[in-house]
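Sequential numbering of the sequence shown, starting at 48, is according to this note's numbering.
The structure under discussion appears below in the form of structure tokens.
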Amino acid sequence: MRSTRVKKLLLLSFNFLIISTIVSSCSIPEELQAKTIVNEFFPNFWVFVAHTIALSIIILFGIFLLWKPTKRFLAKRSELIQAEINNANEIKKQAQELLDNAKKQKQDAELQAREIINLATNQAYRLKNDLETDAKRKANRIIENAHAEIIKQESILKRELEDRIVDVALEATSTLIQKNVAKEDHERLVNELLKNLD
């Protein structure tokens, strides 16, 4: 890179030298003679030296007053732009990390929500099954108790009925014994007793 700068400076210097030489000797002679051609187109040695020194001074001033400050300004500007690019890349990287974190949190939240929903659904099914089982157990117990009560009531009623039948039979027997009743009276008495039982 440095060699290209040197080449550019040498080329620029040579161009200035040629241009200054041509400009300084741009008088059109009235007659072109062999001696005047050399003097007119090529200036004398001291003019050439003066122009070369002046050109060198102008180039040095250009380098120190224009080129170096411009180069420093461009370097600072380049550093500033690079710093902004680095800052933008860093911000982009942080934003990407935040986005990745947000996506991960979203996925975790969705997973957790699914787990909660599944857990709640399972608990609801378990609770439903427990309630159904408990209700069936209670219903079976109630039915068993009702059957037991029915059997108990039937046995009580049966005993009462048997007792009543025995009482009625005893009463009928005692009545028959007290009265010697005829067959028709006996049937009528039995019918009356049966009506009393109902």
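No residue lacks a Cβ here, since even glycine has one placed at the ideal position from N, Cα and C.
Everything numeric in this text was worked out from a predicted model, so none of it was measured.
Quick one: measure Cβ to Cβ for residue i and residue j, integer angstroms, because I've assumed they're closer than 8 Å.
i, j, result
"F25", "L102", "With the chain running from 48 to 245 in the structure shown, residue 25 is simply not present."
Near residue i, what residues of its chain come up, given a Cβ to Cβ distance below 8 Å and the 5 sequence neighbours on each side ignored?
i, result
"L56", "I106 and I110"
"Q152", "none"
"I132", "none"
"A195", "none"
"N187", "none"
Tell me which residues share the same chain as residue i and place their Cβ nearer than 6 Å to its Cβ, disregarding the 5 neighbours each side in the sequence.
i, result
"R124", "none"
"L208", "none"
"A160", "none"
"K1", "Given a span of 48 to 245 for the chain in the structure shown, any question on residue 1 remains unanswerable."
Using a Cβ cut-off of 9 Å (strictly closer), state whether residue i contacts chain B.
i, result
"A171", "The question asks about chain B, but that chain is absent: this structure has only one protein chain."
Within the stretch 187-214, ranges of the beta strand (DSSP E) (whole runs, at least 3 residues): none
Length at least 4, wholly inside the stretch 81-159: the alpha helix (DSSP H) runs in chain order: 81-88 and 92-108
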